[in-house]
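Taking it in order: structure first as structure tokens, then the write-up.
Residue numbers (UniProt numbering): 1 to 522.
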């Protein structure tokens with residue numbers, strides 16, 4: 001399989017001195033000579049996806065060719081060693097965007113040749129099956145990171161947090177009145193996974209000191225193992241067994257990353273909002289969160305045991321502006337009301353929920369109105385145009401009328417808030433503006449007058465055929481004149497001379513008159 005350098009040379013050209021097969025050929029051609037040779041004029045946007053790259057290549061040549069690269073796409077290659085990835089990035093000091101999707105990067109992150117990459121702002125790791133311990137290590141190495149993509153990584157839990165998992169578990173147990181022994185058992189289980197740092201217990205303090213020593217050794221060793229994995233294979237097997245036996249492995253404690261503004265977790269298997277709250281704690285400045293195709297069941301936070309928490313859904317998302325929850329499993333209007341409490345949220349996607357399948361709104365427009373009325377701070381809904389003042393007022397009034405006939409127990413709090421804004425509204429009168437299909441018309445022939453009901457969808461020719469039997473006048477010798485009862489004195493008679501013209505085109509209404517005359521033989 002080719003190295004990155006070989007793939008680069010194959011796609012973007014080779015140096016002239018390496019084309020030995022063509023040295024003896026003397027062909028006069030006019031060419032444009034670039035300022036730099038082909039290899040040294042590598043573009044700032046380097047796209048090498050699906051090239052079977054499995055390693056970096058010669059460091060010196062790589063350094064010469066890639067020093068100006070700002071965007072690197074290595075998706076769908078054969079990279080499976082983070083050391084090779086860091087070797088590549090170490091020779092791209094200006095790189096700001098890196099796409100490593102569809103590379104099998106499940107292994108632990110070893111100590112990179114460079115400690116930090118201060119320019120990398122956007123990292124795409126979709127479908128890499130990257131473990132959370134590696135995510136935590138990357139966050140410490142990338143202080144300038146602003147956008148992170150972790151979609152399709154088969155996550156069921158978020159296993160990083162800024163909160164000590166032992167303290168959090170003990171706090172939850174004390175709130176439920178659990179015994180001291182069960183709390184100690186929880187602490188023991190958490191510490192055995194090597195993911196906690198509880199300084200309250202003596203045994204865990206010793207363990208923390210030991211871990212600090214191991215980290216010091218790791219800093220001195222060029223290729224120390226990942227912080228979330230142990231050095232021996234036996235310990236790794238024990239840890240994997242413990243995580244398999246546990247319903248939810250305890251998260252790895254880390255420091256908050258204040259730089260990340262956008263996070264994509266599309267297509268993972270996270271179903272509890274309590275897991276998403278960990279995301280909010282790790283990324284306190286988060287502005288955009290994409291959770292499309294995640295089977296979230298509710299926005300109500302839960303503890304690790306699945307019990308509902310008293311925490312507010314928006315507590316850790318004070319700066320969140322965009323939230324994508326399309327294809328979630330949410331089935332309650334209460335979760336819509338929880339979205340309304342996010343202080344900065346203004347753009348949401350809430351499509352394809354089970355809630356919409358059972359809603360009593362019959363049209364998509366009515367559903368949109370109900371959502372706009374319940375979400376006063378939302379300006380963009382499901383990717384549509386910005387919600388204007390007129391549309392919002394119409395939606396809020398429609399919302400009030402929607403609940404007018406509902407019992408008080410079914411009326412949400414938002415109903416009473418909008419009553420305070422718009423007042424008590426009357427139900428809309430159901431007015432049918434469709435034209436009458438059948439009208440009662442007065443037919444006059446000489447001194448004879450008859451009232452009959454006429455279908456306005458019939459033609460003039462059809463009407464003459466029916467009148468033929470009433471007045472004994474052949475249809476071919478019949479003239480019809482329409483008289484509008486309201487404009488009789490202004491416009492007089494209008495001859496109905498076109499046989500295929502439909503009656504409703506004359507705007508015939510009940511009470512109008514049609515005068516019949518016999519054609520005079522010439």
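Where is the CB? At the ideal position from N, CA and C, for every residue including glycine. Bear in mind the structure is a predicted one, so any value in this text is a computation, not a measurement.
Coarse secondary structure for residue i, derived from DSSP in three states
i, result
"residue 3", "coil"
"residue 516", "strand"
"residue 160", "strand"
"residue 99", "strand"
"residue 299", "coil"
"residue 455", "strand"
"residue 83", "helix"
"residue 369", "helix"
"residue 378", "coil"
"residue 12", "helix"
"residue 411", "coil"
"residue 123", "strand"
"residue 551", "Past the boundaries of the shown model lies residue 551; the chain is included only from 1 to 522, so the question cannot be answered."
"residue 424", "coil"
"residue 88", "helix"
"residue 402", "helix"
"residue 387", "coil"
"residue 358", "helix"
"residue 144", "coil"
"residue 274", "helix"
"residue 397", "helix"
"residue 137", "helix"
"residue 60", "helix"
"residue 418", "helix"
Range covered by the alpha helix (DSSP H) that runs through residue i
i, result
"residue 471", "460-471"
"residue 152", "Residue 152 -> no alpha helix (DSSP H), and no H or E assigned at all."
"residue 488", "488-491"
Delimiting residues of the beta strand (DSSP E) encompassing residue i
i, result
"residue 443", "438-445"
"residue 262", "262-264"
"residue 131", "Where residue 131 is concerned, there is no enclosing beta strand (DSSP E), given that its DSSP letter is neither H nor E."
"residue 479", "478-483"
Beta-bridge partners of residue i, as assigned by DSSP
i, result
"residue 67", "In DSSP, residue 67 forms no bridge with anything."
"residue 449", "444"
"residue 73", "47 and 99"
"residue 552", "The structure shown does not extend to residue 552, since the chain is modelled only from 1 through 522, so no value can be given for it."
"residue 252", "160"
"residue 502", "459"
Residues near residue i by beta carbon distance below 8 Å, same chain, minus five either side
i, result
"residue 144", "117, 118, 119, 120, 121 and 259"
"residue 510", "436, 439, 440 and 441"
"residue 348", "322, 323, 324, 325, 339, 375, 378, 380, 381 and 382"
"residue 473", "445, 467, 516 and 518"
"residue 308", "300, 301 and 302"
"residue 425", "397, 400, 401 and 404"
"residue 59", "87 and 91"
7 Å Cβ shell around residue i - same chain, five flanking residues per side excluded
i, result
"residue 6", "57"
"residue 81", "107"
"residue 359", "367"
"residue 392", "372"
"residue 418", "373, 396, 399 and 400"
"residue 159", "132, 249, 251 and 252"
"residue 51", "2, 7 and 77"
"residue 335", "298 and 299"
"residue 282", "160, 161, 162, 254, 256 and 257"
"residue 352", "326 and 327"
Close beta carbons around residue i, own chain, < 6 Å, minus the five adjacent residues each side
i, result
"residue 20", "Only weak support is given to the placement of residue 20: the predicted model assigns it a pLDDT of 41, under 50, and the value that follows is read from those uncertain coordinates. Here the set comprises nothing."
"residue 468", "475"
"residue 501", "460"
"residue 277", "301 and 316"
"residue 72", "46, 95 and 98"
"residue 24", "Per-residue confidence for residue 24 stands at a pLDDT of 47, beneath the threshold of 50, marking its modelled position as unreliable; the derived number appears in the next sentence. Correct list: empty, nothing qualifies."
"residue 280", "316 and 317"
"residue 293", "266, 267 and 327"
"residue 92", "66 and 69"
"residue 369", "395 and 398"
"residue 350", "325"
"residue 450", "443"
Neighbour flag for residue i against chain C, beta carbons, 8 Å
i, result
"residue 151", "Structure shown: chain C not included; a single protein chain is present."
Quiz prompt | Unbroken stretches of the beta strand (DSSP E), 3 residues or longer, contained in the stretch 276-356 | solution = Those beta strand (DSSP E) runs which fall completely within the stretch 276-356 and span 3+ residues are 288-290, 322-324 and 347-349.
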